[in-house]
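Novice: The working numbering puts the sequence shown at residues 23 to 148.
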Amino acid sequence: MFIAPETNSLALERAAMVFGPYDQAHMYEIFEGIIYGEHYFFHIEHGCLWLRHVLKIDHPEHTHLFVDGDSGGLQLAENIQCDLMTVVSDTIERLHTMDSMTFLLNELLWLENRGDIKLNFVRNNK
Numbered sequence: 023m024f025i026a027p028e029t030n031s032l033a034l035e036r037a038a039m040v041f042g043p044y045d046q047a048h049m050y051e052i053f054e055g056i057i058y059g060e061h062y063f064f065h066i067e068h069g070c071l072w073l074r075h076v077l078k079i080d081h082p083e084h085t086h087l088f089v090d091g092d093s094g095g096l097q098l099a100e101n102i103q104c105d106l107m108t109v110v111s112d113t114i115e116r117l118h119t120m121d122s123m124t125f126l127l128n129e130l131l132w133l134e135n136r137g138d139i140k141l142n143f144v145r146n147n148k
């Protein structure tokens with residue numbers, strides 16, 4: 023049974039993420055955002071809310087600096103026009119209170135312009 027944590031138990035902190043390299047080895051971007059659970063970074067880019075898995079930089083002077091964890095990102099929302107901390111808190115709270123079946127049927131299945139999504143819930147133990 024899943025029990026949703028209390029809202030004030032969310033440990034959200036402002037942080038920065040380095041993303042890249044791009045076409046050339048020295049080309050990077052830095053994003054300001056919110057870190058959740060030590061490895062999950064939320065940021066807004068061109069009005070879209072993104073979630074990425076990140077890795078913390080181990081440096082005593084850069085306590086809130088992370089690098090992209092090469093997992094690919096999830097775009098969670100579009101046309102965001104409110105404070106990042108507010109939208110991240112509201113999004114996490116909404117996801118915490120939603121069960122898996124509701125998420126699959128009400129969110130994933132009805133994404134606009136969605137192609138097939140391939141999940142692997144059944145794992146064969148060999």
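All C-beta atoms, glycine included, are put in the ideal place defined by N, C-alpha and C.
These figures come from a predicted structure and were not determined experimentally.
1) Buried or exposed: His65, going by 16 or more other Cβ atoms within 10 Å of its Cβ?
2) In chain order, what residues of the same chain lie with their CB nearer than 6 Å to the CB of Glu28, ignoring the 5 residues before and after it?
3) Which word fits Ile57, buried or exposed, when buried means at least 16 other C-beta atoms lie within 10 angstroms of its C-beta?
4) Would you kindly report the start and end of the unbroken beta strand (DSSP E) that includes Glu115?
5) I need the boundaries of the beta strand (DSSP E) containing Asp90, first residue and last residue.
6) Within the same chain, show all residues whose beta-carbon is closer than 7 Å to that of Met49, passing over the 5 residues directly before and after it, in chain order.
7) Can you tell me which of the three DSSP states Phe125 falls into?
8) Considering only the beta carbon of each residue, do Val76 and Met123 sit closer than 8 Å?
9) Quick test of the definition: if touching needs 3 or more C-beta pairs under 8 Å, does the stretch 89-101 touch the stretch 67-81?
10) Comparing alpha-carbon positions, which option in Leu130, Ile52, Phe88 and Asn135 lies nearest Gly59?
11) Per DSSP, what kind of secondary structure is Leu32 in: helix, strand or coil?
Specialist: Taking the geometry as given:
1) buried
2) For Glu28, the predicted structure reports a pLDDT of 45, less than 50, and the residue's modelled location is therefore unreliable. The matter cannot be settled from this model.
3) Taking all protein chains shown into account, Ile57 has 16 or more neighbouring C-beta atoms within 10 Å of its C-beta and is therefore buried.
4) Careful: Glu115 lies outside any beta strand (DSSP E), inside the alpha helix (DSSP H) at Leu106 to His118.
5) Leu87 to Ala99
6) Gly42 and Pro43
7) helix
8) no
9) Contact check between the stretch 89-101 and the stretch 67-81: three or more CB pairs, one atom from each, fall below 8 Å, which counts as touching.
10) Phe88
11) coil
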